[in-house]
Amino acid sequence: MNSIKDSVIQKIIRSFPALKELASVSAFEVPKNPEFGDTALPCFRFSAVLKKPPVAVAEELKKIFRDDTSFESVENTGGYLNFKYSRKAFAESVLSDINDGSVFERLKEEGSGKTMVIDYSSLNIAKEPHIGHLRSTIIGNSIYRIYDFLGWKVIRINHLGDWGTQFGKLIYAFISWGDEKELGKNPVRYLQDLYVRFHKEEENDPSLSSAARDWFVKLENGDPEARKLWQRFKDYTIEGIKKTYDRIDVSFDFYRGEGYYESGAKDVIKMVEASPVSKISEGALVIDLEEYGMPPCIVRKSDGATIYSTRDLAAAIDRHNEFGFDKMIYVTELKQQLHFSQVFKSLELLGYDWIKKAEHIGFGSILGISTRKGNVIYLEDIFDEAKSRVLDIMKDRDIDETQKDIIADKIGIGAVIFQDLSRSRVKNIEFDWERVLSFDGETGPYLQYSYVRIVNIIQKSSAVINGMPDFSLLTDDVTYELIKTMSYFESKIRSAYNEHEPSVMASYLINLAKEFNRFYRVNRIIGEENDVSESRIFLLIALESLYRRCLQILNIPVIDKM
RNA sequence: GCACCAUUAGCUCAGUUGGAUAGAGCAACGGAUUUCUAAUCCGUAGGUCAGAGGUUCGAGCCCUCUAUGGUGUACCA
């Protein structure tokens with residue numbers, strides 16, 4: 084899709100070799116006002132090199148394209164060189180590029196041979212997933228899909244929170260107040276209630292804190308009772324969260340809890356002890372980071388136990404040994420930024436240069452919920468509520484009940500996921516039922532609905548495509564705008580990749596859907612003359628394949644009926 | 001105290017490496033449908049881009065300061 088711009092750049096450099104450094108495909112802009120043209124080359128930066136005012140530069144460059152058939156017109160407007168494509172040539176170039184798969188193949192080559200390790204979702208044992216966990220899961224999974232799309236080999240790791248003082252708390256709570264029968268009913272929710280109760284009781288009785296710490300030390304030292312309970316809690320939880328992951332079509336290559344790195348953590352302690360960058364401070368083994376403006380990275384607590392930083396150090400080393408990655412990504416809340424800076428800097432000081440390939444991708448928090456205080460909104464409950472509202476809308480639809488139920492679930496999920504992914508990663512979100520459950524305007528269901536329209540037309544049409552259609556029939560304004568939007572796909576996925584920002588794809592897909600809906604309103608497909616019908620179907624086939632991939636990248640369920 | 005993040009229409013948000021007249025959705029009001037699925041489309045209205053300086057041909061975007069909100073700040077994760 085860049086071939087037209089490429090040839091423009093080639094021609095400019097041929098005539099003005101001095102612009103070799105400045106002129107590139109990325110120098111093009113999308114004009115603010117479509118009347119200016121389809122793509123624009125601002126000449127302001129060129130003026131210094133050529134020692135002429137921008138307007139004069141643009142005038143010179145304009146001459147190069149006097150006889151170029153790729154363009155309908157090339158104009159100089161106040162220093163901008165505005166190009167209007169020949170619509171027919173443009174439609175042909177963009178649509179065949181998609182329909183013969185070459186755009187996807189091209190993108191697939193970019194990450195070929197490279198490996199990326201991504202750590203996301205990372206749920207906690209004995210905590211039922213709530214709306215806050217959705218962000219890491221969905222953002223992480225979307226980043227995985229973007230890398231995968233660009234041909235990377237991706238290792239997905241779910242770094243379960245299955246270790247730490249919180250398990251001391253849980254073990255203490257279960258031994259003190261636990262009931263086997265209740266545990267059997269809904270294990271995860273029951274364990275979570277115990278956890279909430281612990282924090283309430285702890286407020287009145289501070290001695291509980293040290294009791295919990297003791298249990299964690301026991302757990303680390305291999306105490307059989309502690310280990311047995313821990314393993315049970317863990318098994319119950321994984322079983323439970325896998326159901327949720329299946330529901331939203333998320334999966335992992337490895338479930339590796341912090342407990343997995345337990346022996347590695349002990350090796351890390353030995354290694355750090357022997358290293359000149361470590362010291363004992365207030366009874367704890369730490370790596371001093373004062374020089375870098377950070378608090379020390381604690382490797383061994385004063386009570387002898389490991390801490391999350393120990394386990395993260397061990398995990399990073401382990402992952403590098405096992406996978407030899409070209410890139411490693413952690414998707415967690417923004418508030419863990421300092422923690423990861425400490426871990427990364429510590430590994431650097433310990434001589435692991437590869438840690439420079441690691442990056443923390445932070446995201447904003449969901450405000451107004453807290454597990455400790457107990458005012459949680461569970462993910463499953465949100466999906467269920469969304470589904471029931473969808474079913475209400477669908478009640479008069481002529482669709483088989485079983486199928487309707489499945490579709491409603493997917494629409495509800497699409498709504499919840501999209502409202503989360505559509506915002507910039509770093510922004511905090513105030514949880515709001517009304518917004519999550521709205522299905523009008525820029526929402527997941529809108530995207531799915533538009534997709535259903537596309538698929539239905541293709542299915543119902545009897546047009547048969549033999550070779551290439553007549554592209555001159557795809558040159559009206561609305562069609563042209565749609566094709567132009569389709570042509571942005573390549574640069575959008577690159578920018579989503581560079582910024583690790585799924586919301587770029589979310590807003591792109593909204594635009595694509597809007598342009599399609601406009602097209603749909605004005606241009607009929609079925610019942611038109613054969614050659615018109617065929618050319619429009621050719622367009623829709625390209626659109627469908629592009630659109631479906633965008634939905635998949637965003638983790639929004641693909642459906643063909645609603 | 002220090003550090004990081006945010007601040008754009010009544011509400012929720014886009015705004016790509018600085019570029020032409022700052023854009024959507026929701027809510028409000030008006031209009032389009034005997035449909036290739038109206039969960040749609042078209043229109044009206046809504047702005048001191050938190051504030052003040054600075055950098056330059058040009059700043060919502062970069063720099064400095066201030067204000068407001070959020071988060072973090074050694075043995076929680």
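Under my numbering, the first residue of the first sequence is numbered 84, with each subsequent residue one higher.
Ideal placement from N, C-alpha and C gives every residue a C-beta, glycine not left out.
Taking 7 Å as the cut-off, the Cβ atoms of Arg508 and Glu584 count as close. In this structure, DSSP gives Phe446 an extended state, which the three-state scheme calls strand. Assignment of Met411 by DSSP, reduced to helix, strand and coil, places it in the strand class.
Distances from the alpha-carbon of Gly244 to those of Thr198, Leu178 and Asp318 put Asp318 closest.
Secondary structure of Phe423 (DSSP, three-state): helix.
Sixteen is the threshold: since fewer than 16 other Cβ atoms of the shown chains lie within 10 Å of the Cβ of Arg97, the residue is exposed. Restricting attention to Val615, Thr320, Lys575 and Ile642, the CA atom closest to the CA of Ile229 is found in Lys575. Residue state for Asn182 is assigned as helix, using DSSP reduced to three classes.
Judged by DSSP secondary structure, Phe406 falls within the alpha helix (DSSP H) whose first and last residues are Tyr391 to Phe406. The region 197-213 makes no contact with the region 565-580, as fewer than three CB pairs between them are under 8 Å. With contacts defined as CB atoms closer than 7 Å, Leu206 and Ile324 qualify as a contacting pair. In this chain, the beta strand (DSSP E) harbouring Asp202 covers Thr198 to Asp202. The alpha-carbon separation between Val177 and Ser107 amounts to approximately 20 Å. Assigned with DSSP and collapsed to three states, Gly376 falls in coil, not helix or strand. As a beta-bridge residue in DSSP terms, Pro125 pairs with Tyr163. Proximity of the region 192-203 to the region 297-313 falls short of the contact definition, fewer than three beta-carbon pairs being nearer than 8 Å.
When the beta-carbon positions are compared, Pro137 and Cys126 come within less than 7 Å of each other.
Using a C-beta cut-off of 8 Å, the region 608-619 makes no contact with the region 580-596, since fewer than three inter-stretch Cβ pairs fall below that distance. Pairing Ala174 with Leu557 gives a Cβ-Cβ distance under 7 Å.
Pairwise C-beta distances place the region 246-257 in contact with the region 283-301, as three or more of them are shorter than 8 Å. By the criterion of at least three beta-carbon pairs nearer than 8 Å, the region 531-541 is not in contact with the region 471-479.
Residue pairing by DSSP places Ala367 opposite Ser364 in a beta bridge. Here Lys410 has Met199 and Lys440 as same chain residues with Cβ atoms under 6 Å from its own Cβ, once five neighbours each way along the sequence are excluded. Annotation for Ile540: the continuous alpha helix (DSSP H) segment containing it runs Gly527 to Lys543.
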